[in-house]
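A.B. asks: Supplied in structure tokens, the structure appears directly below.
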Amino acid sequence: MHSAHAQAAGMGGMRAAGDLVARLQMTRGMRLAQAKEYVAGKLGVTPFDLSDPVVMTDVRNEFGFGRIHSYAISQPAQANQIEAKLNISRVLDVPINCVERFKERTTPVAGGVR
Amino acid sequence: MTIEDRVPTRMADGTFVRLTRSEIKADLVAGSEAAAKRAKVAPLTDDEIDHLLDIYASPARFTGVDVGDEVILSCDGTGMKTHATRIQDLQTYEQWMGADLLELCVGDYSLKVVRTILAYEAQYMHDAQLCTVAPLQYGVMPNLGLYSKPDGPCDNWNELLPLGRIDEARESEEEAVEMAVVDMVRLADTQHEAGADAIDWDTTGASGDPEFLAALRATAIIRKKYPDFGVQLGMAGEFVLGMHGRLEYEGVRLAGLWPKDQLLLAQKAGATMFGPVVNVNTGKTCAWNIARAIALVKPCMDVATIPVHMNAGMGVGAVPMFVHPPGDAVCRAAKSCVDILHLDGL
């Protein structure tokens with residue numbers, strides 16, 4: 201069922217920019233058009249481009265947003281997972297809860313003991 | 007005499023029937039009128055019926071929205087140990103299935119079950135956030151019924167009501183609401199601390215107006231405590247059952263609310279996403295069901311200030327009540343909802 205929805209109407213998640221637009225909806229309550237405009241503006245693309253995996257693969261590569269990976273198209277030097285979310289938070293100018301926690305938990309504290 | 011061709015189309019139990027274009031159109035009109043009559047909403051326009059007719063009378067195996075009109079899929083239940091570990095399930099949905107957002111949950115999905123394993127679930131969220139990219143929420147269903155005996159501590163209002171012990175039933179429901187609100191906020195506390203992006207109250211209102219009240223009150227508390235934390239509020243049905251009958255939120259009686267008024271209260275409470283639900287009638291065609299569902303949800307779209315993600319899973323939103331919903335029916339429901347309603351997501 202999910203596959204049918206994804207093919208019929210989905211933005212493609214990390215294949216394109218669905219995860220980025222979803223983040224603005226989920227944590228900022230932005231409606232779709234507003235969220236697409238916001239993300240497109242930050243990335244220098246059009247809202248139309250956000251669902252296009254051909255355009256967005258290069259854009260994600262450029263910004264270090266994480267990409268679909270497999271052994272056939274390995275990209276070990278690129279940011280992924282929590283690393284990618286640090287870049288997403290900075291470029292989209294949106295605090296991400298787990299990124300803030302990550303920074304907090306990996307920053308030395310006074311006395312060097314956490 | 008004209009003999010119309012028949013096209014294969016589906017009943018909402020998933021079985022195929024072969025109907026003419028005229029018969030499908032008649033079902034669309036009837037579904038729309040059923041919604042208008044019951045919920046006092048406007049029926050679909052002739053143009054909308056014609057558009058749905060093109061979708062549902064097509065013999066094509068698959069269809070989709072226009073390029074550029076794609077929406078966000080709020081993929082609930084994506085991390086529930088379906089085929090591997092829960093983190094592997096989340097990564098599978100993210101990497102292979104094109105999920106726009108992810109959801110960690112447990113198979114039971116009930117709040118009262120999860121309240122006993124909060125620390126374990128928070129640890130799992132923490133770990134999952136380190137190895138995923140897509141936004142990741144934690145999902146539960148409030149399932150207020152589990153707070154009643156024999157599963158929970160409150161007297162069982164479903165047993166009291168048939169005995170005419172109305173006041174006792176109401177008191178018990180109110181007691182359960184208080185407990186659920188505490189548990190929902192505590193769950194949000196632990197998940198926020200663990201790094202979750204949002205909380206999802208799924209199938210809200212399955213136990214009627216007390217359950218909807220609990221979700222609204224918990225949402226308001228969470229919004230105040232964590233201004234940047236997402237709260238998705240998804241419903242259990244198109245109509246809030248009056249299991250109590252007198253409960254109000256912000257001066258609005260909850261029993262009997264239809265999707266638009268549900269949305270208005272979700273917005274007022276501070277939800278960041280709203281999921282209206284219209285259950286299917288399995289004795290009718292998917293065409294009848296889609297027209298009814300869209301007519302019921304359409305009033306939401308004019309008043310929404312937050313994203314509206316209409317539910318279109320098994321048994322809701324004109325997707326057949328079958329454990330593996332057929333793709334031809336799923337894609338028709340998705341395209342219809344997006345095209346007519348201009349949804350923010352599904």
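So the protein sequences, as listed, match chains A and B.
Using my numbering, read the first sequence as starting at 201 and increasing by one per residue.
Using my numbering, read the second sequence as starting at 7 and increasing by one per residue.
Glycine included, each C-beta is placed from N, C-alpha and C at the ideal position.
(1) Given a threshold of 16 other Cβ atoms within 10 Å of its Cβ, counted over all protein chains shown, does Gly213 of chain A qualify as buried or as exposed?
(2) What ranges does the alpha helix (DSSP H) occupy inside the stretch 78-151 of chain B, keeping only unbroken runs of at least 4 residues that lie completely in it?
(3) As an exercise, report each continuous alpha helix (DSSP H) stretch of at least 4 residues that is fully enclosed by the stretch 270-308 of chain A, in chain order.
(4) What are the start and end residues of the beta strand (DSSP E) that includes Gly333 of chain B?
(5) Using the three-state DSSP reduction, which class does Arg231 of chain A fall into: helix, strand or coil?
(6) Would you be able to state if there are at least three C-beta pairs under 8 Å between the stretch 148-156 of chain B and the stretch 213-220 of chain B?
(7) One question on the structure: do Pro355 of chain B and Asp203 of chain B come within less than 9 Å of each other, judged by their Cβ atoms?
(8) Once DSSP output is grouped into helix, strand and coil, what is the label at Ala217 of chain A?
(9) Evaluate contact between the stretch 277-286 of chain B and the stretch 241-259 of chain B, counting only Cβ atoms and requiring at least three cross-stretch pairs below 8 Å.
(10) For Ala202 of chain B, does the three-state DSSP call read helix, strand or coil?
(11) Using a threshold of 9 Å, state whether the C-beta atoms of Tyr62 of chain B and Ile296 of chain B are closer than that.
(12) I'd like the span of the beta strand (DSSP E) that includes Val23 of chain B, first residue to last.
(13) Is there a Cβ of chain A sitting closer than 9 Å to that of Leu352 of chain B, yes or no?
(14) Alpha helix (DSSP H) containing Pro305 of chain B: first to last residue?
(15) State yes or no: is the beta carbon of Ile273 of chain A nearer than 9 Å to at least one beta carbon in chain B?
(16) Are the CB atoms of Ala301 of chain B and Leu50 of chain B nearer to each other than 9 Å?
(17) Does the beta carbon of Ser251 of chain A sit closer than 9 Å to a beta carbon anywhere in chain B?
(18) Using 9 Å as the threshold, is the C-beta distance between Leu117 of chain B and Asp56 of chain B below it?
(19) So Gln268 of chain B contacts chain A; which residues on that side make the cut at Cβ distance below 7 Å?
(20) Is it buried or exposed, Pro295 of chain A, if we count other Cβ atoms within 10 angstroms and call 16 or more buried?
C.D. replies: Judging by the given coordinates:
(1) Locating residue 213 of chain A in the first sequence gives position 13, counting from the first residue. Buried is the call here.
(2) 92-101, 117-120 and 124-136
(3) 282-292 and 297-306
(4) Here residue 333 of chain B refers to the residue found at position 327 when the second sequence is read from its first residue. Careful: Gly333 of chain B lies outside any beta strand (DSSP E), inside the alpha helix (DSSP H) at Gly333 to Leu347.
(5) The residue you call residue 231 of chain A lines up with position 31 of the first sequence. DSSP places Arg231 of chain A in coil when its eight states are reduced to three.
(6) yes
(7) With chain B covering 7 to 352 only, the question about residue 355 of chain B has no answer from this structure.
(8) As a working mapping, residue 217 of chain A is identified with position 17 in the first sequence. In the structure shown, Ala217 of chain A sits in coil (DSSP, three-state: anything other than H, G, I, E or B).
(9) yes
(10) Counting from 1 along the second sequence, the entry for residue 202 of chain B is found at position 196. Coil, per DSSP.
(11) For the purposes of this step, residue 62 of chain B is taken as residue 56 along the second sequence, with counting starting at 1. For the purposes of this step, residue 296 of chain B is taken as residue 290 along the second sequence, with counting starting at 1. Closer than 9 Å, so yes.
(12) Translated into the one-based positions of the second sequence, residue 23 of chain B becomes position 17. Counting along the chain, the beta strand (DSSP E) containing Val23 of chain B begins and ends at Phe22 to Thr26.
(13) Here the question's residue 352 of chain B lines up with position 346 in the second sequence. It does: the Cβ of Leu352 of chain B has a partner Cβ on chain A nearer than 9 Å.
(14) Numbered from 1 along the second sequence, position 299 holds the residue referred to as residue 305 of chain B. Where Pro305 of chain B is concerned, the enclosing alpha helix (DSSP H) stretches over Cys292 to Val309.
(15) As a first step, residue 273 of chain A is located in the first sequence; it is residue number 73 there, counting from the start. By this cut-off, Ile273 of chain A is not an interface position.
(16) The residue you call residue 301 of chain B lines up with position 295 of the second sequence. The residue you call residue 50 of chain B lines up with position 44 of the second sequence. Yes.
(17) As a working note, residue 251 of chain A is residue 51 in the first sequence. Yes, Ser251 of chain A counts as interfacial toward chain B.
(18) The residue given as residue 117 of chain B occupies position 111 in the second sequence. The residue given as residue 56 of chain B occupies position 50 in the second sequence. No, they are not a contact pair.
(19) For the purposes of this step, residue 268 of chain B is taken as residue 262 along the second sequence, with counting starting at 1. Those do not exist, as Gln268 of chain B stays about 16 Å from chain A at its closest Cβ, beyond 7 Å.
(20) On the first sequence, position 95 is the one that residue 295 of chain A refers to. It is exposed - the Cβ of Pro295 of chain A has fewer than 16 other Cβ atoms within 10 Å.
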